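Q:
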Amino acid sequence: MRRMWPATGRSGTLNPMVDIPPVTIAATDLRPNTRVCGTFLVRQKRRGVGRTGKPWLQLVLGDRTGTIDARIWENADSYDASIPERVLVDVEGQGVEFNGRTQLRITRITLHPAEVDTTEWLPRSNLDPVDVETALRDHQQRLTSAMLQRLVGLYLDDREWLHAFCRAPAARTVHHAEIGGLAAHTLSMMQLAYLVCDHYRQQGVVVDRDLVVVGALLHDSGKVEELSVEQSFEYTDVGRLLGHIQLGIDRLDRAVAAIDDFPEPLHLHLRHLILSHHGEYEYGSPRRPKTLEAMLLHQIDMLDSRVGIVTQAMQSAGDETWTGVVPALNRHLMTRSPSHADDTDTA
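Take the sequence shown: its position 335, counted from the start at 1, is 336 in my numbering, and no numbers get skipped.
Following this line, the structure appears as structure tokens:
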């Protein structure tokens, strides 16, 4: 049965609404003083308590475009008990400005009555799986090492793994947190690997480009098993217990075992690339980079993930000049550069 709860105002009555008709909007289009109606996925939920001891509820609502920070100020405990995470809800509310950020004050919320595929409300990249495979096979053919070509071929010929790779996010929330995000992050890193290695090779630096390129493909390969794309982006049991680094090592070991006479030194260096790509122990890296190729891979990963974090934060900020505090970077970010400012000069 469809249930609906009115969110009452602080006086105990329904919150007054300005005489503006509600509009159906995407998450990233929320603006202050806009009445909103729409269907969103409850991505996260958190109960808080005000200074007077009165509870309130924060919901992170999402769709394909991004997320909305929403609040319920009345009957928070009832809502908390009745609305789980990872369900669809029909929402009415009004955009308000709070601490310089746009927030949705919910005035009515309904559990969405239809059983639908909630992944349709998750953000996704624009990459087509066919294009992903084509790009990966092009990278495979560019490798000069026949042994590494064979190794990459084992990954790409595993249709089940490749399908999951094309759907997996690169992270639950931090960067490239979208369906297809892992493929987008990986392909970007592989392209950067060519550019960075060629730059230093032109300066006379001896670097094994093939190792860095294949390391870019393999470094996060364990996320295919670590993260699930069901009702939301969540960690699997094996992902929580082992983590993507160990899962990536396990898959590499199985692939190498299937290739006769695979050189042990090459296997060792590939293992080190996966184990050290987070860079430092405090960032979850079992080993710190100890080869030039591993150092380059770590820096390329940092570069692409940071650009992903910044881009995601800026998109969520909409027309705001500043983002909210970005947890992964622990800072506000300015969303406009001088090159994006309107040119007001006159001839």
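Note that beta-carbon positions come from the ideal geometry of N, C-alpha and C, so glycine has one too. Since this is a predicted model, take the numbers as computed values, not measurements.
Shortest alpha-carbon distance to PRO85 belongs to which of PHE166, MET191, ASP199 and ILE110?
A: For the purposes of this step, residue 85 is taken as residue 84 along the sequence shown, with counting starting at 1. If we check each option's Cα against that of PRO85, ILE110 comes out closest.
Q: Given 7 Å as the limit, tell me if TYR156 has its C-beta closer than that to any heavy atom belonging to the ligand SAH.
A: Among the components of this structure there are no ligands whatsoever, and the ligand SAH is therefore not found.
Q: Are ILE246 and PRO290 close, meaning C-beta to C-beta below 8 Å?
A: By 1-based counting over the sequence shown, the position of residue 246 is 245. By 1-based counting over the sequence shown, the position of residue 290 is 289. No, they are not a contact pair.
Q: Suppose you measure from the CA of ALA277 to the CA of HIS299; what does that come to, to the nearest Å?
A: By 1-based counting over the sequence shown, the position of residue 277 is 276. By 1-based counting over the sequence shown, the position of residue 299 is 298. The sequence shown places Ser at residue 277, not Ala. Distance between the alpha carbons of SER277 and HIS299 is about 7 Å.
Q: Please say whether THR108 and GLU93 have beta carbons closer to each other than 8 Å?
A: For the purposes of this step, residue 93 is taken as residue 92 along the sequence shown, with counting starting at 1. For the purposes of this step, residue 108 is taken as residue 107 along the sequence shown, with counting starting at 1. Going by C-beta atoms, GLU93 is nearer than 8 Å to THR108.
Q: Suppose the cutoff is 6 Å on Cβ atoms and the five residues either side in sequence are ignored; what does the same chain contact list for ARG257 look like?
A: Position 256 of the sequence shown, counted from the first residue, corresponds to residue 257. Position check: residue 257 holds Val in this sequence, whereas Arg was assumed. So the list reads PHE263 and HIS268, once near-sequence residues are dropped.
Q: Tell me whether THR68 is buried or exposed, calling it buried when 16 or more other Cβ atoms sit within 10 Å of its Cβ.
A: Within the sequence shown, the letter at position 67 stands for residue 68. Buried is the call here.
Q: Looking only at its chain, what residues have a beta carbon closer than 7 Å to the beta carbon of ASP78, apart from the 5 residues adjacent to it on each side?
A: Within the sequence shown, residue 78 is the residue found at index 77, counting from 1. Within the same chain, ASP78 has close Cβ partners PRO56.
Q: Could you give the DSSP three-state label for PRO23: helix, strand or coil?
A: On the sequence shown, position 22 is the one that residue 23 refers to. Low confidence applies here, because PRO23 scores a pLDDT of 48, under 50, leaving its location unreliable; read the following figure in that light. In the structure shown, PRO23 sits in coil (DSSP, three-state: anything other than H, G, I, E or B).
Q: Assuming LEU89 and LEU60 make a contact with CB atoms under 8 Å, what is their CB distance in whole Å?
A: For the purposes of this step, residue 89 is taken as the residue at position 88 of the sequence shown. For the purposes of this step, residue 60 is taken as the residue at position 59 of the sequence shown. LEU89 to LEU60, Cβ: 12 Å. No contact.
Q: Starting from ILE301, follow the alpha helix (DSSP H) in both directions and report where the run begins and ends.
A: The count along the sequence shown starts at 1 and reaches residue 301 at position 300. It spans 293-318 - the alpha helix (DSSP H) in which ILE301 sits, taken as one unbroken run.
Q: What residue ranges within the segment 251-278 form continuous alpha helix (DSSP H) runs of no fewer than 4 residues, ordered along the chain?
A: 265-277
Q: I want to see whether chain B comes within less than 8 Å of HIS279, judged by CB atoms only; does it?
A: The chain inventory of the structure shown lacks chain B, comprising one protein chain alone.
Q: Short check: CB of LEU243 to CB of ALA169, under 8 Å?
A: Within the sequence shown, residue 243 is the residue found at index 242, counting from 1. Within the sequence shown, residue 169 is the residue found at index 168, counting from 1. One thing to note: LEU243 has its Cβ no nearer than 8 Å to the Cβ of ALA169.
Q: What residues match up with ARG72 in a beta bridge as DSSP calls it?
A: Along the sequence shown, read from residue 1 onward, the residue named residue 72 stands at position 71. Answer is GLN59 and ARG106, bridged to ARG72.
Q: I believe LEU330 touches ILE310 by the beta-carbon criterion, under 8 Å. Please report the beta-carbon distance rounded to the nearest angstrom.
A: The residue labelled residue 330 in the question sits at position 329 within the sequence shown. The residue labelled residue 310 in the question sits at position 309 within the sequence shown. Confirmed, Cβ separation roughly 6 Å.
Q: Residue range of the beta strand (DSSP E) that GLN95 falls in?
A: One-based indexing of the sequence shown puts residue 95 at position 94. Per DSSP, the continuous beta strand (DSSP E) segment holding GLN95 begins and ends at 89-99.
Q: Fully enclosed by the segment 151-236, which beta strand (DSSP E) runs are 3 residues long or longer?
A: 228-230 and 234-236
Q: Can you check which of these residues, ARG52, CYS38, ASN76 and GLU75, is closest to LEU62 by C-alpha distance?
A: The residue labelled residue 62 in the question sits at position 61 within the sequence shown. Ranking the options by Cα distance to LEU62, first place goes to CYS38.
Q: Taking the beta strand (DSSP E) that VAL133 falls in, what are its first and last residues?
A: Counted from its first residue, the sequence shown places residue 133 at position 132. No beta strand (DSSP E) contains VAL133, which is instead part of the alpha helix (DSSP H) from 130-143.
Q: Measuring alpha carbon to alpha carbon, tell me which of GLN104, GLY249, GLN150 and PRO33 ends up nearest VAL214.
A: Looking up residue 214 in the sequence shown gives position 213. With distances taken between Cα atoms, VAL214 lies closest to GLN150.
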